[in-house]
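J.: I'd like to ask some things about the structure below.
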Amino acid sequence: MENFINGFINNEFITALIISIIPLIFVLLYALIAILGELKISAFMQERLGPMRTGPWGIFQPIAEVVKLLQKEDITPDAVNKPLYNFAPFLMFAASYACFAVIPFSSHFIPASLNLGLFYLLAASSLGVISIVMGGWASNNKYSVLGAMRSASQIVSYELPASICLLTIAALTSTFTFGGLGVSKELMTAVGGTHNGFLAGLDIQHINVAQSGGFWNWFIFGGPGNITKIWVIPFTMGLALIYFIASLAETNRTPFDISEGESEIVAGYFIEYSGMKFAMFYFAEYANMYIVAAIMTILFLGGWTSPFGDYMNGPIWGAFWFVSKAFAVVFMQIWVRWTLPRLRVDQLMNIGWKVLLPLSIVCFLVITLWGVLH
Amino acid sequence: MQAKEIYDVLKTEFGDRIISFNDSAAGDPFIEIQSDKILEISLFLRDNESLLFDFLNSITAMDLVDKLAAVYHIYSVSLNHRIVIKLFVPKDNPKVPTVERCWRTADWHEREAWDLMGIEFVGHHNLIRILCPYDWEGHPLRKDYQAPEFYHGIKVN
Amino acid sequence: MGEKKKVDVEYSPFESDKFRVNIGPQHPSTHGVLRLEAELDGEIITEVIPHIGNLHRCMEKHCEFKTYPQIIPFVDRLDYCSAINNELPYVMGVEKLLGIEVSDKVEYIRVILSELNRIGNHQIAVAAFGLDTGAFTPFLYLFRDREFIVKILEHCSGARLLYNYFWIGGLARDIYPTFKEDCLDAIKRIRITNAEIMDLLINNKIFIVRTINTGILPGDVAINFGCTGPVLRGSGVPFDLRKAQPYSIYERFDFNVCVGTGELGTIGDSWNRNIVRMNEMEESCKIIEQAIAQMPMEGDVREKVPKRVKPPKGEIYSCAENPKGELGFYIVSDGTDKPSRIKVRSTGFSNLSVLPDISKGYMIADLMVTLGSLDIVLGDVDR
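Residue numbers (our numbering), protein chains in the order written: chain E, 1358 to 1731; chain F, 20 to 176; chain X, 3 to 385.
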């Protein structure tokens, strides 16, 4: 994609600009769709109509909401720490936007094809918690401090099982890349991957290519391999479930939305924000939903590869498959949100440390052992 | 147990502390007692084997123009009978011992009676206003109460 | 040298600053304008002080200036989720003072509507309780089906929330012809919804772990604090005025008193208080079915009542089992057409007073759950 655009414009700077703007446009469009989706899906689940007045079937409702938020007065309370208070929403949005640098759309368009993509994703997505603590503390409000503390502890504890899920897939990919299992070295070279030992598994390209060839080869179903992989499938499926739960917690969605628990601490860390700064938090929340959905897609659902092998496969179809798989995961997140009650903060920690972490370690051990045996 | 029998039990125990048994008017009969003995009588009512009044429905403060009254509606969950205890206090010095020790319900009900009628419950651990603002003046349920013109600069009425 | 000096300073390696936070009066889950002043040690609650009175409307003072029939609309506004149930003890009290007996038909209609409104109130209580734990969808399901009850009451009285339907000596107007069929339809619908809510909310694992073992209220403490209704029955005390001292015609019906059994959690915790409400809805359905089978359709719904209601001198404490507990009216008549004093023994007032005792040592999220399980309405608490 880079070479393609560069061939037209012949200016590296403008090329880089275009490459970086495409995800931004995507984020904004996606956020509008996701907000509408949340409104309409929740309405459908609760036997309501949802927004109906703005445009046919209410499809302009998210645009109306953005316009409303833009018009609102930007209130900065007197007692806040002004620099941090003003900086926090931008950092929040920047952190989630930064993640989009390595999130692919298809085999031929990854904004920044790093060979340590997964590491970068982990690092960039953890940046968000800093802005949450920053905003919560700088707001100088007891509710927001409580929300920020809850959020920080929650995200830090759920990052561990999530990281172990990532690590497992990275190890599995390395095995496949060099074990001669399913994927050939030529194919790897064809997509421009570098393979330097174990680190190969951290490249998003490799992870996806390793899963190509139909849904049976996805890592949720144990990855490529013959029928003997059948006993590892429960563990990979469990791992996918663990990652899904941990990702719900990382994005502060119900049942883990204790950091903004409406019935307890009203709105948590962004209680004092209004207008566009509030919109930044709001957008970043939806952007984070897409990021974790995209990671889920990359790790377990085959990324941009078609579920039907070579049928409907290719760069353009790749973008279609990737986005629709990610949206399916986003739909799951919305579904869970409107079904379940909220957990309490200590129960949340218990699940994180006493259930998800040991289970993910067990899955890691079993799956890597299986990889080594091959 | 009927009200009259309860009155007899109380009369034998407390003698002339129990002033009268009144069932002449329409509605419920009530027992009138001396105002300073309410705590002892309450404890007796609660702990006596044949009475077991473990449940305080409400404490009502009444303004009878020349005096104030406190009315205790008491019920026994285990024995399923009711009694009404009434006592009168003078308007210029309305002091009644608290029964908070006997029934915890009395905590808020006594605060309400103090707030709205101005009966002072001696021994209550935290006798402050409950329904009106903490710095309100006067006791609104008294018959001769005049609402203030202004409250913190805001016109009342 | 002298003896060793005893040092009695207690060293605590970790001592955190406590801080006070105001929960309410504007807060999504204080069920109205209740202000709770909470002292927190991190997330743990060390003290709660409820400050009530933000909705004090001087109802008792107003009543002294109104005639007896004019008070009925005031009574509606006490616990506005169960307005019909509020009217019942008041009109019963005044009728008893006046010595009026109402006809069987009126009694049956009163019982049916009271029980319908009891179901409606419990539906709101369970819905709001679910909302306190973060479950939003059951809230809308319950409100959707409460509509069937509200429609019946609207058809009878013309109002949807504050009915002014039970008058002294009868009802405001007669019921409509398809009343019985509508009630049976509503019951059918309520049973379907309740089964759905049991699956979706009450037996949800997250809901269970959130609500069990929070805000434990032992039975003897509940009695000592004057708690009534599902709060007392959730603590395992089978006390229901409809059974203990049957008023109206409740002795004619066969129904059970639901108590918290502790099948999950501890007897007296939030989950048990809530399951009592769920079970009571079924009992109310049973009462309505029996009442509809027995009810006569013919007859007048108004007894002969003098134009100016003037009860003789006297006083009466008239109480009934409200959905939230025992609601009592202490009516003192001085022989004129206006009462000399009306004291409302409201359920929420006594039920809320137990909150500081049962929420200490739990987390801030549990405080909301406990408060939700007490099911208070501030119109009732503050009067």
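Cβ atoms here follow ideal geometry from the backbone N, Cα and C, with glycine treated the same way.
These numbers were taken from a predicted model, which means no experiment stands behind them.
Using a C-beta cutoff of 8 Å, does GLY46 of chain F count as contacting chain X?
T.: yes
J.: Short of 9 Å Cβ to Cβ, which residues in the stretch 355–369 of chain X face chain E?
T.: MET365, ILE366, ALA367, ASP368 and LEU369
J.: Distance check for GLN1690 of chain E and ALA1644 of chain E, CA to CA, integer angstroms please.
T.: 13 Å
J.: Does LEU70 of chain F come out as helix, strand or coil in the three-state DSSP assignment?
T.: coil
J.: Of all the residues that make up the stretch 1621–1646 of chain E, which are near chain A by a beta-carbon distance shorter than 8 Å?
T.: Of the protein chains in the structure, E, F and X, none is chain A.
J.: Leaving out five residues before and five after PRO1434 of chain E in sequence, what residues of the same chain have Cβ atoms less than 6 Å from its Cβ?
T.: GLU1629
J.: What residues in the stretch 61–84 of chain F bring their beta carbon closer than 7 Å to a beta carbon of chain X?
T.: ASP73, PHE74, LEU75, ASN76, SER77, THR79 and MET81
J.: What separation, rounded to the nearest whole angstrom, lies between the Cα atoms of GLU59 of chain F and PRO358 of chain X?
T.: 27 Å
J.: Determine whether the Cβ of VAL1490 of chain E lies closer than 8 Å to any Cβ atom of chain X.
T.: Not flagged as an interface residue toward chain X: VAL1490 of chain E, since no C-beta distance is shorter than 8 Å.
J.: Going along chain X, which residues have a C-beta under 7 Å from ASP163 of chain F?
T.: The contacting residues do not exist; ASP163 of chain F stays about 13 Å from chain X at best.
J.: Along the chain, where does the beta strand (DSSP E) that runs through CYS321 of chain X open and close?
T.: 316–324
J.: Can you tell me the Cα-Cα spacing of VAL1702 of chain E and MET1506 of chain E, whole angstroms?
T.: C-alpha separation (whole angstroms): 11 Å.
J.: Can you name, in chain order, every residue of its own chain whose Cβ lies under 6 Å from the Cβ of LEU38 of chain X, other than the five neighbours on each side?
T.: Contacts found: ILE25, GLY26, VAL50 and PRO52.
J.: Enumerate in chain order the residues of its own chain whose CB-to-CB distance from GLY171 of chain X is below 6 Å, with the five nearest sequence positions on each side excluded.
T.: Listed in chain order, the non-local C-beta contacts of GLY171 of chain X below 6 Å within the same chain comprise ILE102, GLU305 and VAL307, local neighbours out to five positions each way being set aside.
J.: Taking the straight line between their C-alpha atoms, what separation do you get for PHE331 of chain X and HIS92 of chain F?
T.: 11 Å
J.: Using a C-beta cutoff of 8 Å, does ASN176 of chain F count as contacting chain X?
T.: no
J.: Between VAL90 of chain F and chain X, is there a C-beta pair that is closer than 8 Å?
T.: yes
J.: Can you check which of these residues, F:SER43, F:ILE78, F:THR79 and F:VAL103, is closest to ILE37 of chain F by C-alpha distance?
T.: From the listed residues F:SER43, F:ILE78, F:THR79 and F:VAL103, the smallest Cα separation to ILE37 of chain F is found for F:VAL103.
J.: Using a 10 Å radius around the Cβ and a threshold of 16 neighbouring Cβ atoms, would you call HIS1563 of chain E buried or exposed?
T.: buried
J.: What is the rounded straight-line gap between the Cα of PHE1665 of chain E and the Cα of ASP147 of chain X?
T.: Rounded to whole angstroms, PHE1665 of chain E to ASP147 of chain X spans 45 Å at the Cα level.
J.: What is the C-beta distance between ASP78 of chain X and LEU164 of chain X, in whole angstroms, given that I count them as a contact (C-beta under 8 Å)?
T.: 4 Å
J.: Using CA atoms only, rank isn't needed, just tell me which of X:LYS245, X:THR349 and X:ASP339 is closest to LYS326 of chain X.
T.: Closest option to LYS326 of chain X, judged by alpha-carbon separation, among X:LYS245, X:THR349 and X:ASP339: X:THR349.
J.: Give the C-beta separation of ARG279 of chain X and GLY262 of chain X to the nearest angstrom, bearing in mind that I take them to be a contact with Cβ-Cβ under 8 Å.
T.: So it is not a contact: roughly 10 Å between Cβ atoms.
J.: Under the three-state reduction of DSSP, which class applies to ASP27 of chain F: helix, strand or coil?
T.: helix
J.: Quick one: list the residues of chain E neighbouring GLU49 of chain X, beta-carbon separation under 8 Å, in chain order.
T.: By Cβ distance, chain E contributes nothing, its closest Cβ being about 15 Å from GLU49 of chain X, past 8 Å.
J.: Can you name the start and end residues of the beta strand (DSSP E) that HIS128 of chain F belongs to?
T.: Run containing HIS128 of chain F: none in the beta strand (DSSP E); it sits in the alpha helix (DSSP H), 125–136.
J.: Give me the residue from X:VAL113, X:HIS157 and X:TYR82 with the minimum Cα distance to ASN123 of chain X.
T.: X:TYR82
J.: Under the DSSP definition of a beta bridge, which residues are partnered with HIS53 of chain X?
T.: DSSP output for HIS53 of chain X lists X:ARG37 as bridge partner(s).
J.: Could you check what DSSP says for LYS68 of chain X in three-state terms: helix, strand or coil?
T.: In this structure, LYS68 of chain X counts as coil in the three-state DSSP scheme.
J.: Could you name the residues of the same chain whose beta carbon sits closer than 7 Å to that of SER2 of chain X, not counting the 5 residues immediately before and after it, in chain order?
T.: Residue numbering for chain X in the displayed model covers 3 to 385; residue 2 of chain X lies beyond these limits and cannot be assessed.
J.: Pick helix, strand or coil for TYR94 of chain F, following the three-state DSSP scheme.
T.: strand
J.: Please decide whether GLN28 of chain X counts as near chain F, where near means a Cβ-Cβ distance under 8 Å.
T.: no
J.: Taking C-beta to C-beta, are LYS114 of chain F and GLU139 of chain F nearer than 8 Å?
T.: yes
J.: Could you tell me the alpha carbon to alpha carbon distance between PRO298 of chain X and LEU144 of chain X, rounded to whole angstroms?
T.: 31 Å
J.: In this structure, how does DSSP classify ARG279 of chain X when only helix, strand and coil are distinguished?
T.: helix
J.: Could you compute how far the alpha carbon of ILE210 of chain X sits from the alpha carbon of ILE204 of chain X?
T.: 7 Å
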